[in-house]
Amino acid sequence: FGDKYTSYIAASYVKFLESAGARVVPIWISKERSYYENILKSINGVVFPGGATFFTAKNGFADAGKIIYDIAVDMNTNGQFLPLLGICLGYELLTYASANGKEHRQDCDSKDISAPLLFKDDFRDSKMFANLPGEIEKILKTEAVTYNYHRYCITEQDMDDFDLKKDWKVLSVNKDINGLEHVSIIEHRSQPFYGLQFHPERNAFEWSLAKSIEHSSNAVAASNYFAKFFVDEARKSLNKFPSPAEEARHLIYNFPVTYTGEISHSHWMQCYLFTDDTDYNKPN
Numbered sequence: 010f011g012d013k014y015t016s017y018i019a020a021s022y023v024k025f026l027e028s029a030g031a032r033v034v035p036i037w038i039s040k041e042r043s044y045y046e047n048i049l050k051s052i053n054g055v056v057f058p059g060g061a062t063f064f065t066a067k068n069g070f071a072d073a074g075k076i077i078y079d080i081a082v083d084m085n086t087n088g089q090f091l092p093l094l095g096i097c098l099g100y101e102l103l104t105y106a107s108a109n110g111k112e113h114r115q116d117c118d119s120k121d122i123s124a125p126l127l128f129k130d131d132f133r134d135s136k137m138f139a140n141l142p143g144e145i146e147k148i149l150k151t152e153a154v155t156y157n158y159h160r161y162c163i164t165e166q167d168m169d170d171f172d173l174k175k176d177w178k179v180l181s182v183n184k185d186i187n188g189l190e191h192v193s194i195i196e197h198r199s200q201p202f203y204g205l206q207f208h209p210e211r212n213a214f215e216w217s218l219a220k221s222i223e224h225s226s227n228a229v230a231a232s233n234y235f236a237k238f239f240v241d242e243a244r245k246s247l248n249k250f251p252s253p254a255e256e257a258r259h260l261i262y263n264f265p266v267t268y269t270g271e272i273s274h275s276h277w278m279q280c281y282l283f284t285d286d287t288d289y290n291k292p293n
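Per my numbering, the very first residue in the sequence shown carries number 10; after that it's consecutive.
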């Protein structure tokens, strides 16, 4: 699409959340802090998706994410519950924001790999996995159902070096194709923030024939666990829009979805594509 669009959301993230009973509001990049403060008061959680961008891009994904992260910390600290979930690049964004914008990742080769999780011994001592059904635990431990496609990794040593473990608990690790062990799931120790290095949204909703994504019944069941967990966290939030009309004009339903699966080497079957001028519907 060249330079026609300046941001996007892969539709699989929307479907992932909708499959667990949520509705989705897109959040724009390149906005002032006041915009993010207002929108976060009206929604029940934020997902930082994966994608392809640099954290150094001015007024981009990372700048918006850092503002959202800081506001969410303030909200939760003051009793206004708002969970965050980071997936792949979004997971890296969580730790980037927690490290005060310091680069802490290292190069790795984990592109197009499906793998089981290597859980830490105390992984059930967490909000994410305290109630994990035994059958889903077995799937995640023994079957290659978590899909990875990332060029950067965060190791436990990286987390030690940047003092991230004081805030984040490591729940699982994985290895890239060269055997580099890296963190694959984290949970914040005091905030309702969660990070997944892999892509749970792809098992059910992305069908690129060039990718090694597992679509088995067990893979989808494992994927559904993460969707349901986060949406159930969002249900704890009491935030809401001032009116049903305000809510309706912000929803993703107002925006067209584009079939992108036919594009060579596309990662996504469908995307929501946005320009700098894209905005929510005008009030009636």
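Ideal Cβ placement from N, Cα and C applies to all residues, glycine included.
Fair warning: this is a prediction, and the values are worked out from it, not measured in the lab.
**Asked** Near Ala2, which residues of its chain fall below 7 angstroms by C-beta distance, leaving aside the five closest residues on each side in sequence?
**Response** Residue 2 is absent from the model: the chain starts at 10 and stops at 293.
**Item:** Per DSSP, the bridge partner or partners of Asn157
**Value:** Ile122
**Message:** Let's test the definition: count the other Cβ atoms within 10 Å of the Cβ of Tyr268 and tell me whether it reaches 16, buried, or not, exposed.
**Reply:** exposed
**Asked** With a Cβ-Cβ cutoff of 8 angstroms, do Thr284 and Thr15 count as a contact?
**Response** yes
**Assigned secondary structure, Ala230 (DSSP; H/G/I helix, E/B strand, else coil)** = helix
**Asked** What are the partner residues of Leu247, as DSSP defines its beta bridges?
**Response** Paired residue(s): none; Leu247 is not in a bridge.
**Alpha-carbon to alpha-carbon, Gln200 and His274** = 37 angstroms
**Request:** Determine, using beta carbons only, whether Leu26 and Val56 come nearer to each other than 8 angstroms.
**Result:** yes
**Message:** So within the stretch 34-61, which uninterrupted beta strand (DSSP E) runs reach at least 3 residues, ignoring any that extend past its ends?
**Reply:** 55-57
**Request:** Give the DSSP-derived three-state secondary structure of Leu205 in the structure shown.
**Result:** strand
**Prompt:** If you draw a straight line from the C-alpha of Trp277 to the C-alpha of Ile96, how long is it?
**Reply:** 15 angstroms
**Prompt:** Looking at Ala71 and the ligand NAP, is the gap between the Cβ and the nearest heavy atom below 7 angstroms?
**Reply:** Because no ligand of any kind appears in the structure shown, any question about the ligand NAP cannot be addressed here.
**Prompt:** So, are the CB atoms of His159 and Gln206 less than 8 angstroms apart?
**Reply:** yes
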